[in-house]
Ligand SMILES: Cc1cc2nc3c(=O)[nH]c(=O)nc-3n(C[C@H](O)[C@H](O)[C@H](O)COP(=O)(O)OP(=O)(O)OC[C@H]3O[C@@H](n4cnc5c(N)ncnc54)[C@H](O)[C@@H]3O)c2cc1C
Ligand SMILES: Nc1ncnc2c1ncn2[C@@H]1O[C@H](COP(=O)(O)O)[C@@H](O)[C@H]1O
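Chains as they are written, first to last, in the numbering used here: chain A, 1144 to 1407; chain B, 119 to 445.
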């Protein structure tokens, strides 16, 4: 079973996000870049399926050179090969363009199952996985917390929690799954894993390597234009509820929620 | 030229979901700003009798796609039908609710139509005839204002519980039209084989009006009983921090934060939660935030409207009794 795992590099969730002076981007100086947490679940699931069915796990990322580091992390977890789609013309691409480039790269590979994260914790879009599946012409399942591949390796059954229900859905392979927390517990890269990762193949591809026209990518081709970024509306610390004892404080809080906030 | 505002209704088991009224109401406002009509597209099986009443919230007409294969929701069937209708009618704006299904639908649909899409927006306006959408990014650590270019329809999803629902005008009803579409079985690649309902009767966190959340300060899974009791009394759902989820005290579907659910209830009560940046990102758009924590320096107090510095095990049970006085 051959598995592709998409990998997006995002700012560490610890990062304070500051809007840059152009009001269109964020200040990246102090940012630590990591693998999107949801992609870790995808990579882990890919590795588990490989351990069961054999085959290869290929990690595909798109972005600047620094993404190499995150791909190496996935290789150190146990993935077999990496590919980085890197091209200056990609800078500023929107979800549609990213999915188009990923699709072009993945079309040239053998795969039964593709994983992406359910959303990037940067732009919070959660669109690239579904677009990629569309461009590959395969079904997708989004926000999945359980994946079961049939013994013959030909079909997949997934669990999809929606508000108040869980759906069990199936399809034939190939298919794409967007990984949600709960799918598994991602492993850490071991020291020998890290050593081995250094020697694993990591290919770099430009748009022209993929037979793509640079004019369809990057800032200029965006269909969703950023007008401006702003910091969130400030939220100020409110009042500390008074009282001699915890019981008094609880009574005072109930009263405030009723009389002042008018919410109870 | 693309014309008209469209919203996609969300129904489940034949019942219109609340988010539908939110986006129909918002769609009405956008349609008025553009001086155009509002069309709602309703898909399902045997749902036609639910269509006309959407007029009370501002729909001029409802296009009904009624087919056994449109119940329950599957991405394949919905994307196939909606993309066909959109291509045939060329609407200017397409609005969808940012529920789990709505986000799934909009994502694939944007690929099928080759249009840009703004996910999970919290505000909309029309400027120079174009849709302008505001959406939180980095789970609310920043906001992006976006618009569209050479991309029709201008497509966006609206975060549940943010858009105001219009006062229903019972005198109004929408024109109901049977949509004509061809849904080919060969387009249906996925099958829903089972559905298990959550029997707790609790509203999902993303749709909850009130949330009582517990963190590591709860000390163990058994202690969530006191939060459940409070939640039952005030009609809240129960959430958790990642620490509580990772400890196995609560299911992952309860996690609030940057890598969990982003919530905006009217009331959020954080119990034994320190207020790490990833947690705050997921709940700081709540209207009223209460923090109960014994550490007065806990960062959660910086965001709380009401802070209670005390042991939660002393406060919560008393609070449960005290609020009863006001109900
Ligand atoms: C990649 C990544 C993603 C993350 N995503 C999320 C996310 O989505 N959501 C999330 O919540 N976290 C997330 N985190 C974790 C986050 O950084 C914090 O570790 C976590 O939120 C802490 O949970 P907590 O507040 O319950 O625990 P703690 O930080 O340990 O706080 C417990 C609090 O309880 C108080 N307390 C203890 N006993 C009592 C008592 N008897 N009465 C009153 N107060 C008491 C303490 O004073 C303390 O403030 C993420 C971390 C990473 C690295
Ligand atoms: N630049 C990228 N390179 C590789 N994968 C990506 C990229 N952007 C998005 N993805 C994949 O799509 C998922 C959802 O991202 P998004 O749609 O941007 O929220 C990510 O978790 C990745 O798996």
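Ideal Cβ positions, reconstructed from N, Cα and C, are used throughout, including at glycine. All of these numbers come straight from a predicted model, not from anything done at the bench.
Cβ-based burial, residue i [other Cβ within 10 Å; buried from 16]
i                       : result
residue 361 of chain B  : buried
residue 168 of chain B  : buried
residue 247 of chain B  : exposed
residue 368 of chain B  : buried
residue 309 of chain B  : exposed
residue 313 of chain B  : exposed
residue 125 of chain B  : buried
residue 182 of chain B  : buried
residue 311 of chain B  : exposed
residue 1373 of chain A : exposed
residue 279 of chain B  : buried
residue 1388 of chain A : exposed
residue 1295 of chain A : exposed
residue 119 of chain B  : exposed
residue 1246 of chain A : buried
residue 127 of chain B  : buried
residue 339 of chain B  : exposed
residue 295 of chain B  : exposed
Within chain D, the residues that residue i reaches when beta carbons sit closer than 8 Å
i                       : result
residue 1382 of chain A : Reference to chain D is not applicable here, since the protein chains of this structure are A and B.
Whole-number beta carbon distance between residue j and residue i, since they are thought to touch under 8 Å
i                       : j                       : result
residue 283 of chain B  : residue 402 of chain B  : Their Cβ separation, rounded to whole angstroms, is 23 Å, which puts residue 283 of chain B and residue 402 of chain B out of contact at 8 Å.
residue 1384 of chain A : residue 424 of chain B  : 6 Å
residue 1239 of chain A : residue 232 of chain B  : 7 Å
residue 1233 of chain A : residue 1244 of chain A : 7 Å
residue 123 of chain B  : residue 210 of chain B  : 7 Å
residue 214 of chain B  : residue 184 of chain B  : So it is not a contact: roughly 19 Å between Cβ atoms.
residue 1304 of chain A : residue 193 of chain B  : Actually they do not touch by this definition, with Cβ atoms about 16 Å apart.
residue 1278 of chain A : residue 1149 of chain A : Not really, about 13 Å apart at Cβ, beyond 8 Å.
Amino acids of chain A, ordered along the chain, whose beta-carbon sits closer than 7 Å to that of residue i
i                      : result
residue 384 of chain B : 1406
residue 194 of chain B : 1282
residue 361 of chain B : Result: empty, since nearest Cβ-Cβ is about 14 Å, beyond 7 Å.
Selected residue, minimal CA-CA separation from residue i, among the options
i                       : options                           : result
residue 198 of chain B  : B:207, B:208 and B:223            : B:223
residue 287 of chain B  : B:433, B:175 and B:414            : B:175
residue 1185 of chain A : A:1312, A:1164, A:1284 and A:1400 : A:1284
residue 348 of chain B  : B:278, B:378 and B:445            : B:445
residue 1189 of chain A : A:1164, A:1224, A:1307 and A:1303 : A:1224
residue 1177 of chain A : A:1327, A:1166, A:1341 and A:1151 : A:1151
residue 395 of chain B  : B:383, B:382, B:379 and B:375     : B:375
residue 493 of chain B  : B:214, B:239, B:219 and B:269     : No information on residue 493 of chain B is available, as it lies outside the stretch 119 to 445 that chain B covers here.
residue 189 of chain B  : B:162, B:171 and B:212            : B:162
residue 355 of chain B  : B:334, B:344, B:329 and B:155     : B:329
residue 433 of chain B  : A:1405, A:1207, A:1183 and A:1391 : A:1391
residue 1249 of chain A : A:1169, A:1363, A:1154 and A:1280 : A:1280
residue 1146 of chain A : A:1398, A:1193, A:1179 and A:1269 : A:1193
residue 1400 of chain A : B:438, B:148, B:242 and B:418     : B:438
residue 1210 of chain A : A:1394, A:1342, A:1221 and A:1228 : A:1228
residue 1256 of chain A : A:1205, A:1160, A:1347 and A:1300 : A:1300
residue 203 of chain B  : B:159, B:235, B:221 and B:178     : B:159
residue 1220 of chain A : A:1241, A:1183 and A:1208         : A:1183
Chain-ordered chain B contacts of residue i [CB-CB under 9 Å]
i                       : result
residue 1236 of chain A : Neighbours of residue 1236 of chain A on chain B: none; closest Cβ ~11 Å, over 9 Å.
residue 1174 of chain A : Going along chain B, no residue has its Cβ under 9 Å from residue 1174 of chain A, so there is no contact; the nearest lies around 11 Å.
residue 1286 of chain A : 218, 221 and 222
residue 1311 of chain A : 310, 311, 312, 313 and 314
residue 1205 of chain A : Neighbours of residue 1205 of chain A on chain B: none; closest Cβ ~16 Å, over 9 Å.
Cross-chain neighbours of residue i in chain B, by beta carbon under 7 Å
i                       : result
residue 1278 of chain A : 229
residue 1268 of chain A : 237
Listed by chain order, chain B residues near residue i by CB distance under 8 Å
i                       : result
residue 1357 of chain A : Here the premise fails: no neighbours, minimum Cβ distance about 18 Å.
residue 1314 of chain A : 307, 308 and 309
residue 1147 of chain A : Chain B residues near residue 1147 of chain A: none, gap ~17 Å exceeds 8 Å.
residue 1325 of chain A : 369, 370 and 371
Interface partners of residue i on chain A, CB under 8 Å
i                      : result
residue 211 of chain B : The contacting residues do not exist; residue 211 of chain B stays about 14 Å from chain A at best.
residue 268 of chain B : 1366
residue 258 of chain B : 1375
residue 376 of chain B : 1156 and 1264
residue 226 of chain B : 1273, 1274, 1276, 1277 and 1283
residue 441 of chain B : 1397, 1400, 1401 and 1407
Chain-ordered chain A contacts of residue i [CB-CB under 9 Å]
i                      : result
residue 217 of chain B : 1305 and 1306
residue 444 of chain B : 1397, 1398, 1400, 1401, 1402 and 1407
residue 263 of chain B : 1369, 1370, 1371, 1372 and 1373
Three Cβ pairs or more, each shorter than 8 Å: is that satisfied between the region 1317 to 1329 of chain A and the region 1353 to 1369 of chain A? no
May I ask you to verify whether the region 129 to 141 of chain B touches the region 249 to 264 of chain B, counting CB pairs closer than 8 Å and requiring at least 3? no
Three or more C-beta pairs under 8 Å: does that hold for the region 1332 to 1339 of chain A against the region 1282 to 1294 of chain A? no
Can we say the region 1165 to 1174 of chain A touches the region 1184 to 1201 of chain A, given the rule of at least three CB pairs closer than 8 Å? no
How do the region 409 to 418 of chain B and the region 386 to 397 of chain B stand: do at least 3 beta-carbon pairs fall below 8 Å, yes or no? yes
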